[in-house]
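What follows is a short report on a single structure.
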Amino acid sequence: MRRPILALLTAFLMAISALSVLGNALVPPAQASEGRRPGPAYTERGPIEIYGDEDFTSENGVVGGSGTPDDPYIIEGWEISADEQTGIFITETTKYFIIRNCHIYSTTGEH
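Under the numbering used here, think of the first position of the sequence shown as 880, with each following residue one higher.
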């Protein structure tokens, strides 16, 4: 009785191992963000600095929204070179906002 259970357990573990190996082969590895250049969807600009609610403007990178919970400000699509400062800095605000799909980098390695 013990031998069939051991054989079944061994077969089960081998099947799980095979599925694990096959599953990894079927899923392409994720691209590392380091060294990856942004695609044409990004627009180059300098750092974004927002020091209060009144600074959520298109000049400061806002591309949509009104700052409410149902319609937050959207900051997206920017390629920001932040060699000497923070790429996106937001402080002293009560508005709702989302930052997405931005590529922020420093060529100096300071940040």
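Where is the CB? At the ideal position from N, CA and C, for every residue including glycine.
Just so you know, these numbers come straight off a predicted model, no measurement behind them.
(request) Check each candidate in T986, L885, N939 and F935 and name the one with the smallest Cα separation from A961. (result) With distances taken between Cα atoms, A961 lies closest to T986.
(message) Going by DSSP in three states, T922 sits in which element: helix, strand or coil?
(response) Strand at T922.
(request) Below 6 angstroms CB to CB, which residues in the same chain sit around D950 once its five sequence neighbours on both sides are set aside? (result) Residues of the same chain with a CB within less than 6 angstroms of the CB of D950, apart from the 5 flanking positions on each side, are G944 in chain order.
(message) Nearest by alpha-carbon distance to F976: which of G946, T965 and E958 is it?
(response) The shortest C-alpha separation from F976 is found at G946.
(request) Could you tell me which residues DSSP puts in a beta bridge with Y930? (result) DSSP output for Y930 lists no bridge partner at all.
(message) As a quick exercise: from Y921, I969 and I929, pick the residue whose alpha carbon is nearest that of I959.
(response) Ranked by how close their Cα comes to the Cα of I959, the residues Y921, I969 and I929 have Y921 in first place.
(request) Please state if the CB of R979 and the CB of E963 are separated by a distance shorter than 8 angstroms. (result) Not a contact, by the Cβ cut-off of 8 angstroms.
(message) Beta-carbon within less than 7 angstroms of T972's beta-carbon, same chain only, minus the 5 sequence neighbours each way: which residues are those?
(response) Result list for T972: I929, G931 and D932, in chain order.
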